[in-house]
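This report concerns only the one structure given below.
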Amino acid sequence: MPASIDLGSYPAITHHPAQRLDPTLPRLPQFDPQQVFEQWAQLLKQMTGIDLSSPEALFTSIIGKLQEILGPIFGGINLTGGLTPEQIWAATIANPIKSLTGVDLSSPAALVASIIHLITGGSKFPGVLAISRIANVIQDLLDGAGDFLTADSVTDNPYYDWDSVMPGFVSGGSIRATANGTQQVMRSEPFEVFGGQTLELRSAAQWTGASATAGSNPVKVGFTPFDAAGNPLADVIRGTLQPSGDHGWQWVPVQEKWPVPAGVKYVSQLLMLDSGATAGTFWFSNASAWASNLLDLRLVKDLREMVDAVGGAVNSGVHDIEERLQAITADGKITATEIVGLIQQAQVSGLVIIQTVLNQIRDVVNGNVVTPINNIVQDFIAWFGLNQNKTQKLTSGGHLSTSDVVGTFDMSRVNDLVDNLGNILSGVKDGADGVGTGTTGAIGDRINQAKDSLLALLGLSQDALKSAIAAQTTLQEQETEQNTGDGNSYSFVFSGADGAALNATDWTTGPTPGDITIRGDSGYAGVKNGNPDGYYFASPNYTYASDGQSASFVLGNTQNGNYYSGVFIRCNADRTTGAYCLAKEGEVRVGKFTRSGTSWTFATPMTFQGGLSSVKQGARIEIRCSGNNFFVRVNGKPVTSATDVAGTIAAGPDCRYAMFCVQRATSWFTYDSYRIAAFAMSDYSPSGGSATLSNAWSLTRSSTSGFTYTDPITSAGLLPASFFTFTDYANGATITDLGRGAVTVDQAGLYKLATTCRPYSAKGPVTPHWCLYRNDVQVTGAIGPGAEFEILLNAGDKIQPALIVVDYDVRSNGSTGSETIVSRTITQVFGVASFTGRKLI
């Protein structure tokens, strides 16, 4: 058997195997799962704040953690305070949306109201800029309330009524008020503004029968400001008008700006008819206000500075940045051309010697003595010397003098040139002569032949013009008859050398003696050469015998038809006041003038007539007066008339002089108005005087006010009752109804008729065509504005002018794509008017 070792008996086991063998050391605790979980939960609470000690503690700690995260986001909401679901909805959803967009989710009604507000006032979203603060776009801050589209626009105002007939200045309708010496104000709903904002307003006004205290300017527009608490501040008036009489045929616009001062939070636009207006009817239309200044640059200062830094200049634009970056290619590299020219000579070997070579070549060209530094310069000197001999005869302009040309040119070298020049000269002569005579001989002879024909043509043209003006002068003299038994008449035709003075026996000139002289080759009277800008007059040293006066002049040539020449009557001995008739190309106007030395004042015209194609060189312009009535005729045809209702133009023995004036003005160049070919003056009286036209009449209207038809004219219709106001003359005809222009002729024959007036539709002026009624029946179609019309009449026929509709609108029929032509209706007729007629045969 194998050997064995006997170790003896083992000691008894007296402790747990997992325990320490040394009974003197502390023993390990018993394993406890509950204790391990509690220790882990404690560690989780310390790290995250989540408490797992109980379900209640767990919920509370989660709520607390949400409070930490969501509280600052939703405006400090307290989720640990026992909030209701409705409160949590408001704090987490509704309130943030309302702050960002203005939409109120607190209730269905609030939601609908906020949506309506967004639709109707989209420019006022919180935090959103009005478009007029970003771009030059007008955004009406009144939301169209100032267009006065319906009667509802003034239902709450005791002073103003909506006018269903009068259209607005630009669009929409209008409101009206009756002046009574009290203040009448209308204000818009307030809108929000801020200090530094620039507000711009626009409105328009017109009136009829107006009477107002002088200087009161009672028609006013502006703003009423309010502070942040809604307290009204002092009204700010930005525009005023001083009405007088009738201005019902034209809107007068007012447009002004106002910088909003600090302390103003809200603004209302106001329209005011102040107490200075004591009578009359006034209309307002198209009241609007908008912010016109753009976004304050302080709000984007950093952006501006950044763009300037990139663009490399103050107020850089996109083009500046593009220029700075264009040298960079697509691969991010810079082309060599952007660097060449910036590199100094010392940085490139060989450049210095090249520069020296170029300098020596330049010296050679300039004729200086040069010691060449290399063969390049030596070769250039040799080449340049050879060529210099070939070009030394050239002038500084690169030409050869004829004395340096050797030999002569053979004519065959220039045959084509000679032939072409001859053909041109023949064409010039043929055109001037009007027949195909052509030119003959040498070139010099042919040039002289063409020149003679041109001079003859110009002479004929000048002679024709002078003949026409002479004919006008003859007519002027024939019409300058005395119309009263003891009346006076004078006529003058100007002639003489350029610069010659007028006959001092016949003429007084001024303001400084000698200011009017003979000017130009035609011998017409004009402003003395060298005089400064201004008006200058010449007045006959002869007087009228009565207050019925007539004066006329024939227009000569002019340098600029846009300046006024004038003829005057009812002047005092100093020629410092009287009645004027100013004429420029296409226009005449009549009113009162005053003068103090070289200072002239032309009062607002009593009447004005434009679009007169007959007012031009050769025209005969005449002004007449009878009582307070003034008439203007052009080439014998009445064109306008007016009544001095207030009697501002004096009459009597102290006002018996006439005169004419010529204007000098400077814009780019200095120009004179029409010079004067002839002048005439005579005493004058209307029908009943010793000299009248036979079988002729002239009816006129001097008022600028308008008539409104109760029943608008849809086809043709008579003029209103009391429309014409004065009979200029009538002979061989009976004025049976002056107001409507009805005339009964005494003799049968061929008559020529003409009439002028200014009809309007609801959309504004219409083409002033007219037609004729005979014995109360329309007998013609449309006759052009101011056009003369010939008609055979029987003795006893009653005729009168009438209005006729010719203008129309084209209206679309919607989705059908078709269109309908609709005639306009005549609703009003305005302004001065005339009806003239005379028997031809």
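Under my numbering, the first residue of the sequence shown is numbered 12, with each subsequent residue one higher.
Glycine included, C-beta positions come from ideal geometry on N, C-alpha and C.
Problem set entry | Per-residue DSSP class, three states only, for Glu200 | Here residue 200 refers to the residue found at position 189 of the sequence shown. DSSP places Glu200 in the coil class of the three-state scheme, outside both helix and strand.
For this session: Please report how far the alpha carbon of Gly567 lies from the alpha carbon of Tyr685, in whole angstroms.
Result: As a working note, residue 567 is residue 556 in the sequence shown. As a working note, residue 685 is residue 674 in the sequence shown. Cα to Cα, Gly567 sits roughly 6 Å from Tyr685.
For this session: Let me know the secondary structure DSSP gives Ser164 once reduced to three states.
Result: Within the sequence shown, numbered from 1, the residue matching residue 164 stands at position 153. Residue state, collapsed to three classes: helix.
Problem set entry | Residue range of the unbroken beta strand (DSSP E) whose run includes Leu783 | In the sequence shown, counting from the first residue as 1, residue 783 sits at position 772. Element bounds for Leu783: Trp781 to Arg785.
For this session: Would you kindly report the start and end of the unbroken beta strand (DSSP E) that includes Ser709?
Result: What you label residue 709 is simply residue 698 of the sequence shown in a count that begins at 1. Here the beta strand (DSSP E) through Ser709 covers Ala707 to Arg712.
Exercise. Since His780 contacts Val840 with CB under 8 Å, what's their CB separation in whole angstroms?
Worked result: Position 769 of the sequence shown, counting from 1, holds the residue named residue 780. Position 829 of the sequence shown, counting from 1, holds the residue named residue 840. Not confirmed; about 13 Å, so no contact.
For this session: Identify, in the order they occur along the chain, each residue of the same chain with its Cβ nearer than 6 Å to the Cβ of Gly647, setting aside the five sequence neighbours on each side.
Result: Residue 647 sits at position 636 when you count from the first residue of the sequence shown. The beta carbon of Gly647 sits closer than 6 Å to none of the beta carbons in its chain outside the five residues before and after it.
For this session: Below 7 Å CB to CB, which residues in the same chain sit around Leu749 once its five sequence neighbours on both sides are set aside?
Result: Looking up residue 749 in the sequence shown gives position 738. The answer, listed in chain order, is Leu710, Phe735 and Thr738.
Exercise. Would the beta-carbon of Val601 fall within 9 Å of that of Ala590?
Worked result: Within the sequence shown, numbered from 1, the residue matching residue 601 stands at position 590. Within the sequence shown, numbered from 1, the residue matching residue 590 stands at position 579. It is a contact, given that the beta carbons lie within the stated cut-off.
Exercise. Since Arg213 sits in a beta bridge, which residues does DSSP pair it with?
Worked result: Taking the sequence shown and counting its residues from 1, the one referred to as residue 213 is at position 202. Note: Arg213 sits in a beta bridge opposite Gln266 and Ser299.
For this session: Express the C-alpha separation of Pro522 and Met670 in angstroms, rounding to a whole number.
Result: Against the sequence shown, residue 670 aligns to sequence position 659. Against the sequence shown, residue 522 aligns to sequence position 511. CA-to-CA, the gap between Met670 and Pro522 works out to about 12 Å.
Exercise. Name the DSSP beta bridge partners of Arg644, please?
Worked result: Position 633 of the sequence shown, counting from 1, holds the residue named residue 644. Looking at the DSSP assignment, Arg644 forms a beta bridge with Glu633 and Pro649.
Problem set entry | C-beta contact flag for Asp683 and Thr519 at 9 Å | Residue numbering aside, residue 683 sits at position 672 when the sequence shown is read from its first letter. Residue numbering aside, residue 519 sits at position 508 when the sequence shown is read from its first letter. Taking 9 Å as the Cβ cut-off, Asp683 and Thr519 do not qualify as a contacting pair.
For this session: Could you pull the start and end residues of the beta strand (DSSP E) that Leu282 belongs to?
Result: In the sequence shown, the residue the question calls residue 282 occupies position 271. For Leu282, the uninterrupted beta strand (DSSP E) run begins and ends at Tyr277 to Leu284, by DSSP.
For this session: Find out if the Cβ-Cβ distance for the pair Pro723, Thr766 is shorter than 9 Å.
Result: On the sequence shown, position 712 is the one that residue 723 refers to. On the sequence shown, position 755 is the one that residue 766 refers to. For the pair Pro723 and Thr766, the CB atoms are not nearer than the 9 Å cut-off.
Exercise. On the three-state DSSP scale, how would you describe Asp5?
Worked result: One cannot answer for residue 5 here, as it falls past the ends of the chain, which runs 12 to 852.
For this session: Tell me Thr681's beta-bridge partners as DSSP assigns them.
Result: On the sequence shown, residue 681 is found 670 positions in, with the first residue counted as 1. Per DSSP, Thr677.
Exercise. By the 10 Å Cβ neighbour count, where 16 or more other Cβ atoms means buried, how is Gly699 classified, buried or exposed?
Worked result: Reading the sequence shown from its first residue, position 688 is the one you call residue 699. Any answer about Gly699 is weak, because its pLDDT of 44 lies below 50 and its placement is not dependable; what the coordinates show is given next. Counting Cβ neighbours within 10 Å, Gly699 comes out exposed, since fewer than 16 surround it.
Problem set entry | Beta carbon of Met283 nearer than 9 Å to that of Val232 | Position 272 of the sequence shown, counted from the first residue, corresponds to residue 283. Position 221 of the sequence shown, counted from the first residue, corresponds to residue 232. With contacts defined as CB atoms closer than 9 Å, Met283 and Val232 qualify as a contacting pair.
Exercise. What is the DSSP secondary structure of Lys763, reduced to helix, strand or coil?
Worked result: Taking the first residue of the sequence shown as 1, we reach residue 763 at position 752. Correct three-state label for Lys763: strand.
For this session: State yes or no: is the C-beta of Val597 within less than 9 Å of the C-beta of Gly638?
Result: Start at 1 with the first residue of the sequence shown, and residue 597 comes out as number 586. Start at 1 with the first residue of the sequence shown, and residue 638 comes out as number 627. It is worth fixing the name first, because residue 597 is Gly in this sequence and not Val. Cβ distance not < 9 Å, so Gly597 and Gly638 don't count as in contact.
Exercise. Is DSSP giving Arg686 helix, strand or coil here?
Worked result: In the sequence shown, counting from the first residue as 1, residue 686 sits at position 675. Coil at Arg686, not helix or strand.
For this session: Answer yes or no: the CB of Asp62 versus the heavy atoms of the ligand FAD, is any distance below 8 Å?
Result: Among the ligands in the structure shown, none appear at all, so the ligand FAD cannot be discussed.
For this session: Classify Gly138 as helix, strand or coil using the three-state DSSP reduction.
Result: On the sequence shown, residue 138 is found 127 positions in, with the first residue counted as 1. Its pLDDT being 38, under 50, Gly138 is placed unreliably in this model, and the value from its coordinates should be taken loosely. Here Gly138 sits in coil by DSSP.
Exercise. By DSSP, does Ile832 sit in helix, in strand, or in coil?
Worked result: Looking up residue 832 in the sequence shown gives position 821. Here Ile832 sits in strand by DSSP.
Exercise. For Val381, which three-state DSSP category applies?
Worked result: Position 370 of the sequence shown holds residue 381. The DSSP-derived three-state label of Val381 is coil.
Exercise. With a Cβ-Cβ cutoff of 9 Å, do Cys636 and Gln758 count as a contact?
Worked result: As a first step, residue 636 is located in the sequence shown; it is residue number 625 there, counting from the start. As a first step, residue 758 is located in the sequence shown; it is residue number 747 there, counting from the start. No, the Cβ-Cβ distance between Cys636 and Gln758 is not below 9 Å.
For this session: Give the DSSP-derived three-state secondary structure of Asn540 in the structure shown.
Result: The residue labelled residue 540 in the question sits at position 529 within the sequence shown. Reduced to three states, the DSSP call for Asn540 is coil.
Exercise. Buried or exposed: which applies to Ile384, given that a residue is buried once 16 or more other Cβ atoms fall within 10 Å of its Cβ?
Worked result: The residue labelled residue 384 in the question sits at position 373 within the sequence shown. It is exposed - the Cβ of Ile384 has fewer than 16 other Cβ atoms within 10 Å.
Exercise. Once you ignore the five residues that flank Pro272 on each side, which residues in its own chain have a CB closer than 7 Å to its CB?
Worked result: Here residue 272 refers to the residue found at position 261 when the sequence shown is read from its first residue. Apart from the 5 residues on each side of it in sequence, Pro272 sits with its Cβ closer than 7 Å to the Cβ of Gly206 in its chain, given in chain order.
Exercise. Straight-line CA distance for Arg198 to Glu267?
Worked result: Counting from one through the sequence shown, the residue named residue 198 turns up at place 187. Counting from one through the sequence shown, the residue named residue 267 turns up at place 256. Taking the straight line from one Cα to the other gives about 17 Å.
Problem set entry | Buried versus exposed call for Asn297 [16 or more other C-beta atoms within 10 Å across all chains shown] | Here the question's residue 297 lines up with position 286 in the sequence shown. Buried.
Exercise. What do you reckon, are the CB atoms on Val263 and Ala216 nearer than 9 Å?
Worked result: Taking the sequence shown and counting its residues from 1, the one referred to as residue 263 is at position 252. Taking the sequence shown and counting its residues from 1, the one referred to as residue 216 is at position 205. For Val263 and Ala216, yes; Cβs fall inside 9 Å.
Exercise. DSSP state of Phe505, grouped into three classes?
Worked result: Locating residue 505 in the sequence shown gives position 494, counting from the first residue. In the three-state scheme derived from DSSP, where H, G and I count as helix and E and B as strand, Phe505 is classed as coil.
For this session: Determine the DSSP secondary structure at Lys231, reduced to helix, strand or coil.
Result: As a first step, residue 231 must be located in the sequence shown, where it is residue number 220. Three-state DSSP puts Lys231 in a strand.
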